[in-house]
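One structure is given below, encoded as structure tokens.
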Amino acid sequence: MLHLQLSRKCNLRCRFCGQHHTDPEGAMSLPDWIDVLKQLREYARGATVVLWGGEPLAYPHFREVAQFSAQQGFPLEIITNGTMISCHADLLRTLFKTVYISVDGPEKVHDAIRGKGVFAKVKAGLEILKGGNAELVMMSVLAPENMESFETLPFGLPVDRVILHEMIYLTDAECRELSPAAAEKWHGNADPDYPERLHKTIEDLKRHEYPIPVEFQPHFEAGYCLEPYRHLHIGSDGETSFCTDFTHYTLGNVRNHTLRGIFEGEKAEQFRRNGNNPFCSHCSWKNTEESIIQFKVSAKIKTMERRGPAGILSSRKTQIGVSEI
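Next comes the structure, spelled out in structure tokens:
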């Protein structure tokens with residue numbers, strides 16, 4: 001899987017967002033992105049391409065990147081705030097396999113976080129996409145501001161599935177494992193009761209039934225991460241990493257190195273050996289196949305079977321090749 005951060009720019013100013021809203025000097029140009037996709041066609045023909053940002057639909061060359069990706073035969077996915085769907089509805093309905101829409105709660109909660117009228121724009125856009133080729137997936141983070149607002153999922157939105165996530169946080173003990181400079185960046189006004197409130201919220205959600213599948217991806221205490229074996233992220237500045245959330249460790253810039261050289265290079269191998277850190281222990285994506293809790297349609301809770309780390313790694317290594325970046 002290849003994540004392309006087309007731009008850091010966004011048309012919203014959400015309270016919690018860590019994006020800079022401006023692209024760096026020397027941001028990737030359209031020819032740069034086309035070159036990346038040409039390399040991917042030769043190196044990993046079956047890879048899924050995920051477009052995100054910022055807001056990818058606000059990127060001036062979104063149509064060109066999406067159309068070229070589809071022409072190369074890549075399955076396409078997008079992560080969007082849903083407010084600009086009408087501008088590119090024809091492409092989203094026909095070229096994309098999955099459209100992920102960020103939603104923070106019912107209309108009142110969502111608009112309090114993202115801005116007045118945003119929920120209505122999202123709903124109108126989803127109505128346009130309904131019946132198209134793409135699966136419509138709502139993605140929500142259970143935060144202190146909204147976690148008690150999910151009993152009425154999917155809030156009247158025409159989506160096919162819902163994925164719920166925890167916040168990324170560190171305990172005091174985990175902060176002590178970091179350097180003083182890094183730890184200082186993690187000090188904030190976090191709710192000390194968040195873990196307890198989250199547990200109660202999930203227990204409450206288990207008792208509800210929903211008209212569509214609802215999944216919860218909790219933090220999974222595993223000592224390994226599968227992402228460096230199956231995923232590459234390219235930022236709007238061309239720098240690469242295995243993680244979309246923590247991009248400080250760059251594997252190299254795609255304008256100076258080939259995709260193959262980056263994915264199979266020494267820095268990538270070093271990260272695979274030593275890259276796990278306190279942040280990673282609170283990631284719900286590190287091993288999604290083993291940690292998803294599913295709130296089935298009109299059914300009780302089901303927790304997926306968990307296997308031991310060695311079994312997972314050994315089996316995944318036999319399956320993960322360059323075709324699954």
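Residue numbers 1 to 325, in our numbering, belong to the letters of the sequence shown in order.
Here a beta-carbon is modelled for each residue, glycine too, at the ideal position from N, C-alpha and C.
State yes or no: is the C-beta of residue i within less than 8 Å of the C-beta of residue j?
i: I234; j: V214; result: no
i: D32; j: R8; result: no
i: L91; j: A124; result: no
i: A27; j: S236; result: yes
i: A47; j: L6; result: no
i: V137; j: D160; result: yes
i: A58; j: L95; result: no
i: P60; j: I78; result: no
i: Y43; j: R272; result: no
i: T83; j: K108; result: no
i: H165; j: L142; result: yes
i: Q39; j: T250; result: no
i: P158; j: L126; result: yes
i: I212; j: V162; result: yes
i: L329; j: V118; result: For residue 329 there is no data in the structure shown, the boundaries of the chain being 1 and 325.
What does a CB cutoff of less than 6 Å around residue i pick up in its chain, not counting 5 residues either side in sequence?
i: S102; result: N81, M139
i: V36; result: V254
i: H248; result: none
i: F155; result: P106
i: D245; result: none
i: V50; result: H3, E77
i: G321; result: At G321 the pLDDT is 29, less than 50, meaning the model places this residue with poor confidence; the figure from the coordinates comes in the next sentence. Nothing listed; no residue qualifies.
Please list the terminal residues of the continuous alpha helix (DSSP H) segment that includes residue i.
i: S69; result: 62–71
i: Y100; result: It is not in any alpha helix (DSSP H) - Y100 instead sits in the beta strand (DSSP E) that spans 98–102.
i: H110; result: 107–114
i: V118; result: 118–129
i: E266; result: 266–274
i: I85; result: First-last for I85: undefined, no H or E at that position.
i: L371; result: The chain is shown from 1 up to 325; residue 371 falls before or after that span and cannot be answered.
i: R161; result: Premise fails: R161 lies in the beta strand (DSSP E), 161–166, not in any alpha helix (DSSP H).
i: E227; result: 227–230
Quick one: what's got a C-beta closer than 7 Å to residue i's C-beta in the same chain, skipping five residues either side?
i: K300; result: The predicted position of K300 is uncertain, since its pLDDT is 37 and thus under 50; a value taken from the coordinates is nonetheless stated next. Cβ within range, chain order: n/a, list empty.
i: R93; result: L129, G132, N133, A134
i: R316; result: Its pLDDT being 25, under 50, R316 is placed unreliably by the model, and the measurement read from it follows with that caveat. Around R316: L226, Y229.
i: F68; result: I34, L37
i: F62; result: L6, P56, H88
i: D104; result: H110, I113, R114, S140, N146
i: C14; result: I113, R114
i: I202; result: F216
i: E148; result: T201
i: T152; result: P106
Please list the terminal residues of the continuous beta strand (DSSP E) segment that includes residue i.
i: I79; result: 76–80
i: F327; result: What is shown of the chain runs 1 to 325, which leaves residue 327 out entirely.
i: L4; result: 2–5
i: I202; result: That residue, I202, is in no beta strand (DSSP E); its alpha helix (DSSP H) goes 194–206.
i: E239; result: Segment: none, E239 is in no beta strand (DSSP E) and carries neither H nor E.
i: M139; result: 135–142
For residue i, I'd like the list of residues in its chain whose CB is within less than 8 Å of its CB, leaving aside the five on either flank, ordered along the chain.
i: C17; result: C10
i: G308; result: A caution first: G308 carries a pLDDT of 30, below 50, which makes its placement in the model unreliable, though a value can still be read off. Answer for G308: no residue qualifies.
i: I262; result: L232, T240, L251, G252, V254, A268
message: Report the start-end ranges of each alpha helix (DSSP H) in the stretch 10–49 that is 4 residues or longer and not cut off at the edges.
response: 30–43
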